[in-house]
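These notes concern the structure reproduced below.
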């Protein structure tokens with residue numbers, strides 16, 4: 001690395017001056033932007049808080065320290081220095097949200113768009129559902145439905161349950177989870193390790209009284225000081241958390257330049273909340289539902305509510321829906337379109353992301369990226385010739401699904417081995 005044309009002993013001084021200038025510039029930019037969006041929730045204490053006094057000084061000091069270090073070590077991406085943590089978080093709950101927005105470089109090079117993934121797998125509980133879990137518990141507390149020592153009961157395909165198990169331990173509640181017995185063993189084992197009481201039950205349709213959601217509600221009704229958080233039909237706890245956190249984060253991270261958003265839905269909270277916020281900021285942001293086979297939402301949007309096609313099935317867990325949930329009732333009307341992503345496209349994208357981007361993602365995340373990739377190809381450049389910015393959600397990592405997604409036997413049972421490009425099949429390391 002080339003040295004500055006000044007004595008070596010003056011490097012730290014130069015770095016400190018540069019850091020101070022950088023910190024001052026950042027502070028002035030913050031003043032120009034105004035305060036960040038926060039979720040006040042009637043003045044309740046909340047993990048998502050604006051930057052507090054003194055953090056500007058700490059950031060300037062960090063900038064100086066890192067600048068000094070960079071003079072004597074390999075250069076890191078500029079984004080690293082912009083993402084220096086401001087201060088310690090307030091416990092586990094304070095670490096939820098404010099996840100990075102990752103540009104998927106190789107995929108972006110192939111289409112006339114910049115494709116970004118919101119790294120929700122970096123939440124402390126490992127998925128986007130940490131947000132909903134915290135929102136659901138805070139909402140129950142605010143409404144007086146949950147008191148000290150109480151029990152939280154939920155029906156979930158796994159990730160909301162894991163988020164709730166973490167939040168319940170942090171807040172001092174018991175956690176009971178009902179889930180379809182089709183979910184991965186990794187999820188069930190993790191829930192039990194976190195102290196949750198887990199009831200795997202047969203996977204049946206929502207209109208069946210034995211559906212896992214109905215069983216969860218009955219359990220909550222049968223014991224004192226318990227609440228069924230009802231993630232599918234509780235927009236106050238689920239959808240709203242994305243209106244107040246995920247949506248504003250995406251808007252701020254793209255500096256208001258996001259052109260399109262797409263993601264799959266399970267409860268509908270993420271899609272509805274993000275869509276609601278982005279369109280409130282710019283009505284021209286295009287929002288598309290990404291569906292796995294067997295889910296009705298893409299056909300519902302495509303036909304403007306006249307058709308709900310349930311044909312097919314999917315390997316993806318926790319996404320897809322056979323009805324319009326209460327979380328989606330309002331915002332599904334704002335969707336600009338929807339499309340179904342076949343499992344073959346999702347699994348191929350999952351292996352591509354691992355190989356080309358170095359990101360180890362689950363099938364729902366891969367489906368979302370496949371949808372964003374398709375959207376980039378379909379929409380093309382903007383009328384002024386500039387590239388579109390397309391954002392999707394990287395829901396969780398592959399750690400909770402690896403016994404299936406990287407198993408040759410399992411992939412063969414789903415007729416998916418041939419969907420994976422030959423040069424990527426080296427990652428199929430499990431029998």
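Numbering (UniProt numbering), first residue to last: 1 to 431. The beta carbon of each residue, even a glycine, is placed where N, CA and C say it ideally should be.
Alpha carbon to alpha carbon, how far is residue i from residue j?
{"i": "residue 289", "j": "residue 406", "result": "27 Å"}
{"i": "residue 260", "j": "residue 368", "result": "13 Å"}
{"i": "residue 353", "j": "residue 117", "result": "11 Å"}
{"i": "residue 163", "j": "residue 196", "result": "11 Å"}
{"i": "residue 154", "j": "residue 113", "result": "39 Å"}
{"i": "residue 90", "j": "residue 193", "result": "23 Å"}
{"i": "residue 326", "j": "residue 423", "result": "44 Å"}
{"i": "residue 350", "j": "residue 365", "result": "8 Å"}
{"i": "residue 143", "j": "residue 242", "result": "19 Å"}
{"i": "residue 246", "j": "residue 333", "result": "20 Å"}
{"i": "residue 336", "j": "residue 298", "result": "11 Å"}
{"i": "residue 170", "j": "residue 93", "result": "8 Å"}
{"i": "residue 378", "j": "residue 393", "result": "19 Å"}
{"i": "residue 103", "j": "residue 95", "result": "22 Å"}
{"i": "residue 34", "j": "residue 419", "result": "A caution first: residue 34 carries a pLDDT of 45, below 50, which makes its placement in the model unreliable, though a value can still be read off. Those two C-alpha atoms are separated by around 48 Å."}
{"i": "residue 311", "j": "residue 173", "result": "40 Å"}
{"i": "residue 211", "j": "residue 150", "result": "24 Å"}
{"i": "residue 216", "j": "residue 140", "result": "16 Å"}
{"i": "residue 425", "j": "residue 270", "result": "32 Å"}
{"i": "residue 294", "j": "residue 309", "result": "7 Å"}
{"i": "residue 148", "j": "residue 213", "result": "24 Å"}
{"i": "residue 315", "j": "residue 111", "result": "27 Å"}
{"i": "residue 121", "j": "residue 87", "result": "21 Å"}
{"i": "residue 189", "j": "residue 198", "result": "9 Å"}
{"i": "residue 386", "j": "residue 285", "result": "15 Å"}
{"i": "residue 268", "j": "residue 238", "result": "9 Å"}
{"i": "residue 105", "j": "residue 251", "result": "20 Å"}
{"i": "residue 283", "j": "residue 391", "result": "16 Å"}
Buried or exposed: residue i, going by 16 or more other Cβ atoms within 10 Å of its Cβ?
{"i": "residue 166", "result": "buried"}
{"i": "residue 348", "result": "buried"}
{"i": "residue 403", "result": "exposed"}
{"i": "residue 331", "result": "buried"}
{"i": "residue 338", "result": "buried"}
{"i": "residue 291", "result": "buried"}
{"i": "residue 381", "result": "exposed"}
{"i": "residue 254", "result": "buried"}
{"i": "residue 205", "result": "exposed"}
{"i": "residue 224", "result": "exposed"}
{"i": "residue 400", "result": "buried"}
{"i": "residue 207", "result": "exposed"}
Rank the options by C-alpha distance to the C-alpha of residue i and give the top, closest one.
{"i": "residue 321", "options": "304, 340 and 401", "result": "340"}
{"i": "residue 231", "options": "381, 160 and 371", "result": "160"}
{"i": "residue 432", "options": "368, 130 and 155", "result": "A query on residue 432 cannot be resolved here, the shown segment of the chain reaching from 1 to 431 and no further."}
{"i": "residue 126", "options": "376, 186, 148 and 225", "result": "186"}
{"i": "residue 357", "options": "107, 88, 372 and 221", "result": "107"}
{"i": "residue 408", "options": "394, 430 and 270", "result": "430"}
{"i": "residue 397", "options": "373, 362 and 417", "result": "362"}
{"i": "residue 373", "options": "139, 263 and 355", "result": "263"}
{"i": "residue 435", "options": "305, 198, 389 and 138", "result": "A question about residue 435 goes unanswered here, because the residues of the chain that appear run from 1 up to 431."}
{"i": "residue 234", "options": "224, 219, 400 and 329", "result": "329"}
{"i": "residue 168", "options": "386, 285 and 229", "result": "229"}
{"i": "residue 220", "options": "314, 323 and 152", "result": "152"}
{"i": "residue 305", "options": "314, 315, 324 and 313", "result": "324"}
{"i": "residue 281", "options": "257, 268, 303 and 302", "result": "257"}
{"i": "residue 123", "options": "209, 244, 208 and 395", "result": "395"}
{"i": "residue 236", "options": "208, 137 and 303", "result": "137"}
I'd like the list of long-range same chain contacts for residue i, defined as Cβ closer than 6 Å, with 5 residues on each side in sequence excluded.
{"i": "residue 145", "result": "227"}
{"i": "residue 449", "result": "The structure shown does not extend to residue 449, since the chain is modelled only from 1 through 431, so no value can be given for it."}
{"i": "residue 443", "result": "Residue 443 lies beyond the range of the chain shown here (1 to 431); nothing can be said about it."}
{"i": "residue 54", "result": "Note that residue 54 scores 41 on pLDDT, short of 50, meaning its location in the model is unreliable and no value can be drawn from it."}
{"i": "residue 275", "result": "287, 331 and 334"}
{"i": "residue 355", "result": "424"}
{"i": "residue 307", "result": "299"}
Grab me the residues of residue i's own chain with a C-beta within less than 7 Å of its C-beta, minus the 5 sequence neighbours each way, in chain order.
{"i": "residue 157", "result": "179, 180, 183, 266, 317 and 318"}
{"i": "residue 370", "result": "341, 345, 346 and 349"}
{"i": "residue 240", "result": "135 and 273"}
{"i": "residue 411", "result": "417 and 428"}
According to DSSP, residue i sits in a beta bridge with which residue or residues?
{"i": "residue 232", "result": "Beta-bridge pairing links residue 232 to no other residue."}
{"i": "residue 330", "result": "Partner(s): none; residue 330 has no beta bridge."}
{"i": "residue 388", "result": "113"}
{"i": "residue 227", "result": "152"}
{"i": "residue 338", "result": "289"}
{"i": "residue 393", "result": "118"}
{"i": "residue 127", "result": "396"}
{"i": "residue 361", "result": "397"}
{"i": "residue 178", "result": "155 and 199"}
{"i": "residue 348", "result": "Paired residues: none, contrary to the question."}
Residue i: beta carbon under 7 Å from a heavy atom of the ligand MG?
{"i": "residue 116", "result": "The ligand MG is not part of the structure shown, which contains no ligands of any sort."}
Keeping to the same chain, check which residues put their C-beta closer than 8 Å to that of residue i; ignore five residues upstream and five downstream.
{"i": "residue 278", "result": "247, 250, 251, 258, 261, 285 and 287"}
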